[in-house]
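**Student:** Numbering (the numbering used here), first residue to last: 72 to 320.
For every residue, glycine included, the Cβ atom is placed at its ideal position computed from N, Cα and C.
Note that this is a predicted model, so its numbers are computed, not measured.
I'd like to ask you about the structure that follows.
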C-alpha cells in the first residue's frame, strides 16, 4: 500500500569486502534507490564495520551508519534502528509509562540493546543494561517496570526475573526443536507448538519463559508476532522518510 519497490541482491557467501563495497557504492549512486539495508550478520571475513560505514547516511534506513548512531546519541535527527524504534512505538501506543520508569534491557548489542537504551533515556526512563557478565541478574531485572530481553537465549527470563505487573518485551528469536522443552516452556499451550515442530522441524521462541512469565507480567509480547511486525513497519517508515528527505519534502 506504500508503493515501495524492492530489490533483493543475493550474493555468494564467498563475496569479499571489496566486492560488497563496490555494490554499496553503486547503490549509493543510483537516484532510484532511496534506502539500503545490509542483511546482518555478514559472512566471516567480510568487514561489517567498513560495509555499514560505506552506506550513504541518507539511505541508511537500518540506522547503523556511524553518523546516524552518533546523531541518535546526541538527540539529533537520525534514522533509528528499526527494532528499537518498533519497541519504543509499541510502548507508547500501549500507554506504558516511560518517563520515570525503570527500564532494564538484557542485551547490549549495537542492533537492539544500545540504541534502545538511548531512546528510553530520551524518554526520561532510568535505564539499566545487563549482559553476559552481569552478576545477580534476577535481582536487577526484578526491579524493572519495563523489561526487554534481547540476547538469543531460550527461556532465560523466568518468573523470578520479573516484577509483578511489569511490561516484558521479548525480542529473542530462537529456533526450538525439542518437544519436551516446548512442553515445559509453553505448558497448556504446548500442543500447538509441538505440532509446528513436527511439521517444520522447529518453532520460533524468544528469550522469555512464556508459561512462567505470563503469570506475573502485566504485559508480555509474543514470539512470533510481537516485535517483528513493528520492526518491518519502522523499516517502511525510515524508507519513506529517506525518500522524502532526498526530494526536499
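Would you report the Cα separation of residue 134 and residue 282, rounded to the nearest angstrom?
**Tutor:** When rounded, the distance between both Cα atoms is 34 Å.
**Student:** Looking at residue 302: is its Cβ nearer than 8 Å to the Cβ of residue 157?
**Tutor:** Contact: yes.
**Student:** Within 10 angstroms of its Cβ, does residue 130 collect 16 or more other Cβ (buried), or is it exposed?
**Tutor:** So residue 130 counts as buried.
**Student:** Tell me which residues share the same chain as residue 172 and place their Cβ nearer than 6 Å to its Cβ, disregarding the 5 neighbours each side in the sequence.
**Tutor:** The residues are 196, 216 and 217.
**Student:** Below 8 Å between beta carbons: does that hold for residue 118 and residue 313?
**Tutor:** Not a contact, by the Cβ cut-off of 8 Å.
**Student:** Would you call the segment 267 to 287 in contact with the segment 219 to 239, where contact means no fewer than 3 C-beta pairs closer than 8 Å?
**Tutor:** Enough Cβ pairs lie closer than 8 Å, so yes.
**Student:** Could you pull out every residue in the same chain whose Cβ sits closer than 8 Å to the Cβ of residue 203, ignoring the five residues on either side in sequence?
**Tutor:** Around residue 203: 222.
**Student:** Note down, in chain order, each residue of its chain lying with its Cβ closer than 7 Å to the Cβ of residue 289, except the 5 sequence neighbours on either side.
**Tutor:** Cβ within range, chain order: 236, 237 and 238.
**Student:** Please report the Cβ distance between residue 305 and residue 160, rounded to the nearest whole angstrom; I am assuming they are in contact, meaning their Cβ atoms lie under 8 Å.
**Tutor:** That pair is a contact at about 7 Å.
**Student:** Taking residue 261 as part of the alpha helix (DSSP H), name the residues at either end of that continuous run.
**Tutor:** Unbroken alpha helix (DSSP H) run through residue 261: 261 to 271.
**Student:** Applying the 10 Å Cβ sphere with the 16-neighbour rule, what's the burial state of residue 339?
**Tutor:** Residue 339 cannot be examined here, being either before or after the span of the chain that is shown, 72 to 320.
**Student:** What's the C-alpha gap between residue 269 and residue 224?
**Tutor:** C-alpha separation (whole angstroms): 22 Å.
**Student:** May I ask you to report which of helix, strand or coil DSSP gives residue 220?
**Tutor:** It is a strand residue.
**Student:** Quick check: the Cα distance between residue 100 and residue 262, rounded to an integer number of angstroms?
**Tutor:** C-alpha separation (whole angstroms): 52 Å.
**Student:** By the DSSP assignment, the beta strand (DSSP E) with residue 64 in it spans what residues?
**Tutor:** Residue numbering for the chain in the displayed model covers 72 to 320; residue 64 lies beyond these limits and cannot be assessed.
**Student:** Ordered along the chain, which non-local residues of its own chain (more than five positions away) have a Cβ less than 8 Å from that of residue 108?
**Tutor:** These residues qualify, in order along the chain: 132, 133 and 306.
**Student:** Using a Cβ-Cβ cutoff of less than 8 Å, which residues in the same chain neighbour residue 285 once the five nearest sequence positions on both sides are dropped?
**Tutor:** Cβ neighbours of residue 285 beyond the five flanking positions: 291.
**Student:** Would the beta-carbon of residue 201 fall within 8 Å of that of residue 177?
**Tutor:** The answer is yes: Cβ separation under 8 Å.
**Student:** Could you tell me which of 125, 169 and 86 sits nearest to residue 189, measuring between CA atoms?
**Tutor:** Among 125, 169 and 86, the Cα nearest to that of residue 189 belongs to 169.
**Student:** Per the DSSP calculation, residue 197 is bridged to which residue(s)?
**Tutor:** In DSSP, residue 197 forms a bridge with 173.
**Student:** Taking the Cβ atom as the reference point for each residue, do residue 287 and residue 233 lie within a distance shorter than 8 Å?
**Tutor:** Yes, Cβ-Cβ distance for residue 287 and residue 233 is below 8 Å.
**Student:** Alpha carbon to alpha carbon, how far is residue 141 from residue 267? Give it in angstroms, no decimals.
**Tutor:** Spanning the two alpha carbons is a distance of roughly 42 Å.
**Student:** With residue 239 as the anchor, note down where its beta strand (DSSP E) starts and where it stops.
**Tutor:** Unbroken beta strand (DSSP E) run through residue 239: 238 to 241.
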